[in-house]
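A.B. asks:
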Amino acid sequence: MGPLDNTIPEFWMMVLQEESETIVMLCNCIETGKIKCAPYWPDRVGEVKSFGGIDIANLQIRAMSPEEPSVALSILAIKFTKPDGSTEIREVRHYQWMDWPDRGVPPCRLTSMELLSRIRGTKKPIIVHCSAGIGRTGTVVAIEYILERMQAGVECASMCDLLKELRNHRAFTIQNDLQYLYVHRVMFCYFLEKHKSRYESILTEENKAKYTRFISDYNAATGTQ
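Reminder that position 171 of the sequence shown reads as 170 in numbering that gives the first Met the number 0, one-by-one numbering, no gaps.
#1: Indicate whether S69 and D98 have their beta-carbon atoms separated by less than 8 Å.
#2: In angstroms, rounded to a whole number, what distance separates the CA positions of C155 and T221?
#3: Just to confirm before moving on: does the CB-CB distance between W96 and I55 stay below 8 Å?
#4: For the beta strand (DSSP E) that contains Y189, what are its first and last residues?
#5: For D225, which three-state DSSP category applies?
#6: If you draw a straight line from the C-alpha of S291 to the C-alpha of N57, how long is it?
#7: Taking contact to mean 3 or more Cβ pairs, one atom from each stretch, closer than 8 Å, check whether the region 174-190 and the region 134-144 are in contact.
#8: With a threshold of 16 other CB atoms inside 10 Å of the CB of Q174, please say whether the residue is buried or exposed.
#9: Note down, one range per segment and in chain order, each beta strand (DSSP E) of at least 3 residues found wholly within the region 18-66.
#10: Jot down the residue ranges of each uninterrupted beta strand (DSSP E) in the region 111-153, minimum 3 residues, whole runs only, in chain order.
#11: When you compare the region 112-129 with the region 18-36, are there three or more beta-carbon pairs, one atom per stretch, that lie closer than 8 Å?
#12: Pull up the distance between the alpha-carbon of M63 and that of R43, whole angstroms please.
#13: Are the beta-carbon atoms belonging to K48 and W40 less than 8 Å from one another?
#14: List the endpoints of the continuous alpha helix (DSSP H) containing T223.
#15: Mark S73 as exposed unless 16 or more other C-beta atoms lie within 10 angstroms of its C-beta, in which case mark it buried.
#16: Could you tell me which residues DSSP pairs with G95 in its beta bridges?
#17: Within the same chain, show all residues whose beta-carbon is closer than 8 Å to that of Y225, passing over the 5 residues directly before and after it, in chain order.
#18: Decide if E204 is buried, meaning its Cβ has at least 16 other Cβ atoms within 10 Å, or exposed.
#19: State the DSSP-derived secondary structure class of T203, mapped to helix, strand or coil.
#20: Please identify the residue among K122, K123, I118 whose C-alpha is closest to the C-alpha of E143.
#21: What are the start and end residues of the alpha helix (DSSP H) that includes P237?
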């Protein structure tokens, strides 16, 4: 879940302890008039916030990519005092996905794939959070888990079994049916649209009709395109 006002210092202590280089925030601080997450980082260039003796400065803000303006990337400098009294500064990349509604799904682009490809290279623990830490967070983790299994040559035929496995680690991962369908929609989009030339051989006329019907039903259910 996202940091609360009274847990922000502990959040940054965790970042330093785990030597994390990447934070992925899948929510806004306020959504539909409700507080979803405390403003734990400076969201303007040049701004500095201090929590529990840890100074966080925002060095730069830009869109994750020209094609993905809904994800803001902030480059943060984290300044803190080590036990020996010396000062250290670390750089952390903070990604904020801003158009994913709580308990809902974002527009069906390949935003999640782009985001995952950018953070996958780090050797340090990646911090991913939304408001409750199960819906949007669970959905992105599920997509990455499927990709990792496929790259390792492990069968991913049963999404139901995969979801049960994820929920053994984090209860209630993926909150509702729309988020469950979104995982499927993203995977279809990735393999059958972005990499169509490689995988179109599996689309028989019958499968094409099923895929078209799924997309139509998905768009109607989620109100997205």
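Note that the Cβ used here is the ideal one computed from N, Cα and C, for glycine as well.
C.D. replies: Taking the geometry as given:
#1: Locating residue 69 in the sequence shown gives position 70, where the first residue counts as 1. Locating residue 98 in the sequence shown gives position 99, where the first residue counts as 1. The answer is yes: Cβ separation under 8 Å.
#2: In the sequence shown, the residue the question calls residue 155 occupies position 156. In the sequence shown, the residue the question calls residue 221 occupies position 222. When rounded, the distance between both Cα atoms is 24 Å.
#3: What you label residue 96 is simply residue 97 of the sequence shown in a count that begins at 1. What you label residue 55 is simply residue 56 of the sequence shown in a count that begins at 1. Their beta carbons are not under 8 Å apart, which means W96 does not touch I55 by this criterion.
#4: The sequence position of residue 189 within the sequence shown is 190, counting from 1. Per DSSP, Y189 belongs to no beta strand (DSSP E) and is neither H nor E.
#5: Summary: the structure shown does not reach residue 225, with the chain confined to residues 0 through 224, and so no result is reported for it.
#6: In this structure the chain extends from 0 to 224, so residue 291 is not present and cannot be described.
#7: Contact holds: three or more Cβ-Cβ distances are below 8 Å.
#8: As a position in the sequence shown, residue 174 is number 175, starting the count at 1. It is buried - the Cβ of Q174 has at least 16 other Cβ atoms within 10 Å.
#9: Qualifying beta strand (DSSP E) stretches, in chain order: 21-24, 47-50, 53-64.
#10: 125-128
#11: At 8 Å Cβ cutoff, the stretches touch.
#12: Locating residue 63 in the sequence shown gives position 64, where the first residue counts as 1. Locating residue 43 in the sequence shown gives position 44, where the first residue counts as 1. In a straight line, the C-alpha of M63 is about 16 Å away from that of R43.
#13: Here residue 48 is taken as the residue at index 49 of the sequence shown, counted from 1. Here residue 40 is taken as the residue at index 41 of the sequence shown, counted from 1. Their beta carbons are under 8 Å apart, which means K48 touches W40 by this criterion.
#14: Sequence index remark: in the sequence shown, residue 223 carries index 224 (1-based). Neither: T223 is in no alpha helix (DSSP H) and is coded neither H nor E.
#15: The count along the sequence shown starts at 1 and reaches residue 73 at position 74. With 16 or more other Cβ atoms within 10 Å, it is buried.
#16: On the sequence shown, position 96 is the one that residue 95 refers to. Note on residue identity: the sequence assigns Gln, not Gly, to residue 95. Per DSSP, M24, A71.
#17: The question about residue 225 has no answer here: the residues shown for the chain are numbered 0 through 224.
#18: Against the sequence shown, residue 204 aligns to sequence position 205. With fewer than 16 other Cβ atoms within 10 Å, it is exposed.
#19: Position 204 of the sequence shown holds residue 203. Three-state DSSP puts T203 in coil, outside helix and strand.
#20: Against the sequence shown, residue 143 aligns to sequence position 144. Cα-wise, what sits closest to E143 is I118.
#21: A question about residue 237 goes unanswered here, because the residues of the chain that appear run from 0 up to 224.
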